[in-house]
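In the numbering used here, the protein residues as written are -11 to 178.
Here's the structure, in C-alpha cells; my notes come after.
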Ligand code: 5GP
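This is the structure in C-alpha cells:
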C-alpha cells in the first residue's frame, strides 16, 4: 500500500493557521491532524488533547530523551514537538497527515521526509498581522512583541516552501489548501 502524504503548514503567529486548519478539518475528511506537545500554558479556550498535549518542561525533556518526537523546537520561548508515533501510524496506513509547525521544525522534517509537502501561509501585510494578533487578545504584551519580532524571520524562510498562500480571506485560503492536497494526491497516483 502506498504511504500517506505528509503536509507541513507554517506561517507567522497571527496569520490564521489555527482557524484555517479548524475549517479544513471540519469539512475535509480524509486528512489527519497531528496534535503537538507543548510546554506553553493553555489559552482560555484551549483543551488538552485537542489543541495540544500540554506538558511540563520536565515531561517534555523526558519525552525527547525517549525519542518520542519527530522534531522539536523552542518557539517564542516555549517548547513544541511533534509526536512521532501517530504520524508514522497514519503514513504507514496510507493516510495523509498535516503538521502545523514552525520553520525550525519544518527544516528537521525536511531532513527525514524527502517527499513531504511544505505550505507557507502569509499575512496580506505586516500591519494586518499585528491587528490580528492584537484582536486575538491571547498574548501578554511581552509575548505579542516577541511574536511580531519573530514574524520577519519566519517569513524570510518562505522560499523553502513548495506552496505560498496569502491568507487574506478564510474561505479562499481553505480552498487553496484543498487544491494543494488534491494536486499532490493526484501527482502521486501517476
Ligand atoms: P502557538 O503558541 O501560537 O500555538 O504556536 C506558536 C508556534 O509554534 C507556531 O508557529 C506553531 O506553528 C508552532 N508549533 C506548534 N506546534 C509545533 C510543533 O510541534 N513543532 C514545532 N516545531 N512548532 C510548532
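Think of the CB as a built atom: it goes at the ideal place given N, C-alpha and C, for glycine as much as any other residue.
The structure displayed is predicted, hence computed values, not measured ones.
When only Cα atoms are considered, residue 141 and residue 93 end up about 14 Å apart. The segment 51 to 66 makes contact with the segment 15 to 32: 3 or more CB pairs, one atom from each, lie closer than 8 Å. Following the DSSP letters along the chain, one finds residue 75 inside the alpha helix (DSSP H) bounded by residues 72 to 80. When secondary structure is reduced to three states using DSSP, residue -7 falls in the coil class, being assigned neither helix nor strand. Not a single heavy atom of the ligand 5GP lies less than 7 Å from the C-beta of residue 95. Beta-bridge partners assigned by DSSP to residue 108: -2, 152. Rounded to whole angstroms, residue 46 and residue 62 show a C-alpha spacing of 14 Å. Rounded to whole angstroms, the separation of the alpha carbons of residue 114 and residue 80 is 40 Å.
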